[in-house]
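S.K.: Structure below; questions to follow.
Protein chains: 2
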Amino acid sequence: MIWRLRSGHPASYTSDMILKKPDSVENKPVAMAGAQNVCMQLLCGPDDGCPNFAMRKFTVAPGGCTPRHQHDYEHEVYILAGEGVVFGNGKEQRIKAGDSMYVPANEVHQFRNDAAAGAGSLEFLCLVPALVHKPGAPQPIMVDCAVEAVPAR
Amino acid sequence: MIWRLRSGHPASYTSDMILKKPDSVENKPVAMAGAQNVCMQLLCGPDDGCPNFAMRKFTVAPGGCTPRHQHDYEHEVYILAGEGVVFGNGKEQRIKAGDSMYVPANEVHQFRNDAAAGAGSLEFLCLVPALVHKPGAPQPIMVDCAVEAVPAR
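Same order as they appear, the protein sequences are chains E and F. Note that our numbering numbers the first sequence so that position 148 is 160, with each residue one more than the last. Note that our numbering numbers the second sequence so that position 78 is 90, with each residue one more than the last.
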């Protein structure tokens, strides 16, 4: 994190606004066990100076999914494009562009693109506390994707 | 904020996942001085149990703008639809769907939809620390929209 005072500006200015174009951010395959055909762009994170929360964009190809997992921090999610399924509260629900979700800490959750091959990707923003993207952050607890972790209500 | 233990689930479950459809969230005109033709939906906030940050969706009609203002907390912004102009770092830059921004604390900033009447709205997510949406939060410092607050670099 670099704090840069800008000459001639009020002392309250401590860093610059950052504007990123979509193609300027590396889109990395998610290597976490259980992730299938998922890529992530870290749009705002600690390296940008973000003190409190981090914004990531996920792209899930048809047939792909995020791991069914849980962790002790929350997600705030906004579906940008496509449709699919979210697992949470012990069941699956359909989601599509424009939907938003709050996934509280310790909730077992998963996002799946159940579209046929060749259909569109499921794209969503998923925000987390900035600490998650700092070195040494604790790893999420993984839950077997083949098993319903929590009985449906 | 309501924490609800769910019978039959592990004790680590402290609240439910919340899934909101776009039309289920009230879209309120922004009443802040200097805001013109802007509406806001609070998608995730303290009332949902969000502990750290809040997700809002803004819609700026053609010719509209957010106030040119500053405050002691940051924004993380993602442009969902349309195009327009962001003021930050003392200058205006064009923005469009897919762009993302980190607006650090104390940065004078503004979003404008400079499209002609009848064109599409500028829509974006703007996230802030959750405290901002708790009662009694401090109000932003307003900057005269007609004046360049910070000299262009």
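Positions of the beta carbon are idealized from the N, C-alpha and C atoms, including for glycine. Note that this is a predicted model, so its numbers are computed, not measured.
1. Assuming contact is defined by CB atoms lying nearer than 9 angstroms, are D126 of chain E and P41 of chain E in contact in what I supplied?
2. Please classify S36 of chain E: does DSSP put it in a helix, a strand, or coil?
3. Does any C-beta atom of chain E lie closer than 9 angstroms to the C-beta of G132 of chain F?
4. Kindly indicate if chain E contains any beta-carbon less than 9 angstroms away from that of P22 of chain F.
5. By how many angstroms is the C-alpha of P141 of chain F removed from the C-alpha of P79 of chain F?
6. Consider the Cβ of V96 of chain E: report whether some Cβ of chain F lies at a distance smaller than 9 angstroms.
7. Taking DSSP as the reference, what is the three-state secondary structure of P116 of chain F?
8. For a quick check, are the C-beta atoms of S112 of chain F and V37 of chain E less than 9 angstroms apart?
9. Does the beta carbon of H121 of chain F sit closer than 9 angstroms to a beta carbon anywhere in chain E?
10. Check the Cβ-Cβ distances between D111 of chain F and every residue of chain E, and say whether any is below 9 angstroms.
11. List, in order along the chain, the chain F residues whose C-beta lies closer than 9 angstroms to that of V115 of chain E?
12. Does the ligand NAD have even one heavy atom less than 8 angstroms from the beta-carbon of K108 of chain F?
M.R.: This is what the structure holds:
1. The count along the first sequence starts at 1 and reaches residue 126 of chain E at position 114. The count along the first sequence starts at 1 and reaches residue 41 of chain E at position 29. Going by C-beta atoms, D126 of chain E is not nearer than 9 angstroms to P41 of chain E.
2. Position 24 of the first sequence, counted from the start, is the residue given in the question as residue 36 of chain E. Reduced to three states, the DSSP call for S36 of chain E is helix.
3. Counted from its first residue, the second sequence places residue 132 of chain F at position 120. Under the Cβ criterion of 9 angstroms, G132 of chain F is not counted among the residues facing chain E.
4. Reading the second sequence from its first residue, position 10 is the one you call residue 22 of chain F. At P22 of chain F, the pLDDT of 40 sits below 50, so the modelled position is not reliable; the number obtained from the coordinates is stated separately. Yes, because at least one Cβ of chain E sits closer than 9 angstroms to the Cβ of P22 of chain F.
5. By one-based count along the second sequence, residue 79 of chain F stands at place 67. By one-based count along the second sequence, residue 141 of chain F stands at place 129. Using only the alpha carbons, I get a separation of about 19 angstroms.
6. The residue you call residue 96 of chain E lines up with position 84 of the first sequence. The sequence shown places Gly at residue 96 of chain E, not Val. No, G96 of chain E lies away from the interface with chain F (no Cβ there is under 9 angstroms from its Cβ).
7. The sequence position of residue 116 of chain F within the second sequence is 104, counting from 1. Three-state DSSP puts P116 of chain F in coil, outside helix and strand.
8. Along the second sequence, read from residue 1 onward, the residue named residue 112 of chain F stands at position 100. Along the first sequence, read from residue 1 onward, the residue named residue 37 of chain E stands at position 25. Against a cut-off of 9 angstroms, the Cβ pair of V37 of chain E and S112 of chain F comes out as a contact.
9. The count along the second sequence starts at 1 and reaches residue 121 of chain F at position 109. By this cut-off, H121 of chain F is an interface position.
10. Position 99 of the second sequence holds residue 111 of chain F. Yes, because at least one Cβ of chain E sits closer than 9 angstroms to the Cβ of D111 of chain F.
11. Taking the first residue of the first sequence as 1, we reach residue 115 of chain E at position 103. Result: M29, I30.
12. In terms of ligand content, the structure shown is empty, and the ligand NAD therefore cannot be addressed.
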